[in-house]
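Colleague: In the working numbering, the protein residues as written are -19 to 402.
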Ligand SMILES: Cc1ncc(COP(=O)(O)O)c(C=O)c1O
């Protein structure tokens, strides 16, 4: 067990956690958890909770999900790299990877659900392009904690669990991820429903930050580079915040890893803004957004309102880490994914394939040197293996809506469902 307070990056005030998502003083910025433990000790706790010194929880939940880090042989050889390390976040029993929902979103979902039960009352709402929703659905199925999930209709088949789920209200909406976010925000105005918080939720960021912790503990030192494909960029922010803690720990080096973050062309708003040195994303960074989103290989990377310019967000993180961003074509991503599968023996999530393709290009163009220590976050994978090994309970939508559906109709169903939990 560890103690922590929350701090605001703008006014530097410290405050108590009541599942707080923003500075009580009204500042705009991503509040951070400040842990009393400076040097991390691994706990004898399940899965990701072994890192609970630096998670905003008091106690743990049963899970085997945790990031697994190993030194690459196959992909490293193919790319001529001497010090490439893979953090695998998905399902791959042979390496000890048991995130049964298949992605690193499970490392966020477990601490978030635990933080909720320790810090507040009410029912959380999660908007997702698919993977986050499935991760929260899995945790809900495992522990019986209710959750309202909103996903675009195209992600409908992606919400499944390995146990029967009884406490999920699933809403699908015609449209994309942004439409799911907008509807989710409206649902959060109903009494008793609150937003899980996305990037503002310290449990999500520090849950994702365990990827950097697992990597650094396996390598014995912080890497030169951290690579990830991003939609919101929260994983990048989390990797930076975890690195700050690891530097303060004193045992893993003093050099901040450089972040190299990728988006999937043609939808690359953060890449465009970053390349022009801008803190704000403009409409011109997302020309013909709907069409662009329909063209990507990895739709979980299509967030139109990422925490980019906010204090402590992606822009600040890239500045602090001397970071870089790049766009990756869908064709390259597909090839990168195939190379990863053939070299390492497991299927990567399309988002992870984007990241592999980004690594290939960074090595080819000389941005990354062959002997540098590289930590690549394979943010999801092992779906084929999971489909063979694991039970699958597909969650049918409870409400199917369009952008035109009157909100009163939706809220009536939500409120009726919530009565059971009152
Ligand atoms: C597999 C996978 N990789 C990467 C990402 C991007 O994560 P973020 O931008 O939130 O760090 C997502 C988002 O859903 C994802 O599901």
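The beta-carbon is built from N, C-alpha and C at its ideal position, and this holds for glycine as well.
Could you tell me whether the region 232 to 247 touches the region 304 to 312, using the rule of 3 or more Cβ pairs below 8 Å?
Modeller: Touching, yes, given that three or more Cβ pairs across the two stretches are closer than 8 Å.
Colleague: Taking 8 Å as the cut-off, does the region 113 to 122 touch the region 138 to 154 (at least 3 CB pairs, one atom from each stretch)?
Modeller: In short, these stretches touch, since the Cβ pair count reaches three.
Colleague: Determine the extent of the beta strand (DSSP E) in which residue 206 is found, giving its start and end residues.
Modeller: Mapped onto the chain shown, residue 206 falls at position 226. Taken as a continuous stretch (DSSP letters only), the beta strand (DSSP E) holding residue 206 covers 205 to 209.
Colleague: Taking all protein chains shown into account, decide if residue 424 is buried (16 or more other Cβ within 10 angstroms of its Cβ) or exposed.
Modeller: The question about residue 424 has no answer, for the chain in this structure spans -19 to 402.
Colleague: Less than 7 Å between the beta carbons of residue 228 and residue 18, yes or no?
Modeller: Against the chain shown, residue 228 aligns to sequence position 248. Against the chain shown, residue 18 aligns to sequence position 38. Yes, the pair counts as a contact, with Cβ atoms nearer than the cut-off.
Colleague: Smallest Cα separation from residue 378: which of 369, 45, 394, 366?
Modeller: Counted from its first residue, the chain shown places residue 378 at position 398. Per the Cα distances, 394.
Colleague: What's the gap between the Cα of residue 382 and the Cα of residue 397?
Modeller: Translated into the one-based positions of the chain shown, residue 382 becomes position 402. Translated into the one-based positions of the chain shown, residue 397 becomes position 417. Answer to the nearest angstrom: the Cα atoms are 20 Å apart.
Colleague: When the Cα of residue 188 is compared with those of 210, 204, 205, 172, which residue comes out closest?
Modeller: Start at 1 with the first residue of the chain shown, and residue 188 comes out as number 208. Residue 188 has its Cα closest to that of 210, out of 210, 204, 205, 172.
Colleague: Going by the beta-carbon positions, is the gap between residue 284 and residue 152 smaller than 7 Å?
Modeller: For the purposes of this step, residue 284 is identified with residue 304 of the chain shown, where counting begins at 1. For the purposes of this step, residue 152 is identified with residue 172 of the chain shown, where counting begins at 1. Result no, Cβ atoms of residue 284 and residue 152 do not sit closer than 7 Å.
Colleague: Closest by CA to residue 20, which one among 348, 30, 99, 26?
Modeller: Locating residue 20 in the chain shown gives position 40, where the first residue counts as 1. Of 348, 30, 99, 26, the residue nearest in Cα terms is 30.
Colleague: What does the alpha-carbon distance come out to for the pair residue 243 and residue 368?
Modeller: Stepping through the chain shown from its first residue, residue 243 is reached at position 263. Stepping through the chain shown from its first residue, residue 368 is reached at position 388. Spanning the two alpha carbons is a distance of roughly 30 Å.
Colleague: Going straight from the alpha carbon of residue 250 to that of residue 212, what length do you get?
Modeller: Counting from one through the chain shown, the residue named residue 250 turns up at place 270. Counting from one through the chain shown, the residue named residue 212 turns up at place 232. So the alpha carbons of these two residues sit roughly 9 Å apart.
Colleague: Quick check: what's the CA-CA separation for residue 208 versus residue 359?
Modeller: Translated into positions along the chain shown, residue 208 becomes position 228. Translated into positions along the chain shown, residue 359 becomes position 379. Going from the Cα of residue 208 to the Cα of residue 359 covers about 8 Å.
Colleague: Below 6 Å CB to CB, which residues in the same chain sit around residue -15 once its five sequence neighbours on both sides are set aside?
Modeller: One-based indexing of the chain shown puts residue -15 at position 5. Only -6, 14 meet the Cβ criterion.
Colleague: Does the distance from the C-beta atom of residue 278 to that of residue 330 stay below 7 Å?
Modeller: The residue given as residue 278 occupies position 298 in the chain shown. The residue given as residue 330 occupies position 350 in the chain shown. A contact, by the Cβ cut-off of 7 Å.
Colleague: What are the residues that DSSP puts in a beta bridge with residue 83?
Modeller: Looking up residue 83 in the chain shown gives position 103. Answer is 360, bridged to residue 83.
Colleague: Round the Cβ separation of residue 51 and residue 72 to the nearest angstrom and send it over; I've been treating them as touching at under 8 Å.
Modeller: Here residue 51 corresponds to residue number 71 of the chain shown, with the count starting at 1. Here residue 72 corresponds to residue number 92 of the chain shown, with the count starting at 1. No, residue 51 and residue 72 are not in contact; Cβ-Cβ is about 15 Å, not under 8 Å.
Colleague: Please indicate yes or no: does the CB of residue 201 lie closer than 6 Å to some heavy atom of ligand 1?
Modeller: Looking up residue 201 in the chain shown gives position 221. Outside the cutoff, so no.
Colleague: Which residue marks the beginning of the beta strand (DSSP E) containing residue 39, and which one marks its end?
Modeller: Here residue 39 corresponds to residue number 59 of the chain shown, with the count starting at 1. Segment: none, residue 39 is in no beta strand (DSSP E) and carries neither H nor E.
Colleague: If you draw a straight line from the C-alpha of residue 107 to the C-alpha of residue 161, how long is it?
Modeller: For the purposes of this step, residue 107 is taken as residue 127 along the chain shown, with counting starting at 1. For the purposes of this step, residue 161 is taken as residue 181 along the chain shown, with counting starting at 1. Roughly 5 Å separates the two Cα atoms.
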